[in-house]
Amino acid sequence: MAFDPSDYCSNPKCGGAAGACGCPADHNTQDLMRCPHCGGQWWRAHSAPSTTCLHTQCGRDGSVVVRPARYAPTHDKDGNLLDDAQGGESR
């Protein structure tokens, strides 16, 4: 089975690595960045403005988004639904 890096969450509180959960560690809530200087890639938090390469040997500014976040986080790092993700739904 092929691994889809966009359907991945590194937060152990979400129950493991595979599966989109909507927390800030879910890759669907992050931008995939690429540095034009060193070619490195990393995931940037949703709505973070930084374009500085995170690789220690590089650190240059000017990285670009190669895959934008698919949606904003809907849960916090502990798995609790965020207030603005409720969208007026009654509990």
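Under our numbering, the residues of the sequence shown are numbered 59 to 149, in order. Don't be surprised by glycine CBs; every beta carbon is placed ideally from N, CA and C. As the structure is a computational prediction, the values presented were derived from the model and not from experiment.
Looking only at its chain, what residues have a beta carbon closer than 6 angstroms to the beta carbon of residue i, apart from the 5 residues adjacent to it on each side?
i	result
Ala83	Cys67, Ser68 and Asn69
Ignore the nearest five residues each way along the sequence and tell me which others in residue i's own chain have a CB closer than 7 angstroms to its CB.
i	result
Asp136	Lys71
How would you call residue i, buried or exposed, if buried means at least 16 neighbouring beta carbons within 10 angstroms?
i	result
Pro126	exposed
Asp89	buried
Gly120	exposed
Can you name, in chain order, every residue of its own chain whose Cβ lies under 8 angstroms from the Cβ of residue i, other than the five neighbours on each side?
i	result
Gly98	Arg92, Cys111, Leu112, His113 and Cys116
His95	Cys111, Cys116, Arg118 and Gly120
Ser108	Arg102
Val124	Leu90, Met91, Arg92 and Gln99
Let me know the beta strand (DSSP E) ranges lying completely inside the stretch 83-139, each 3 residues or longer, listed in chain order.
Taken in chain order, the whole beta strand (DSSP E) runs of length 3 or more contained in the stretch 83-139 are 88-92, 99-103 and 122-125.
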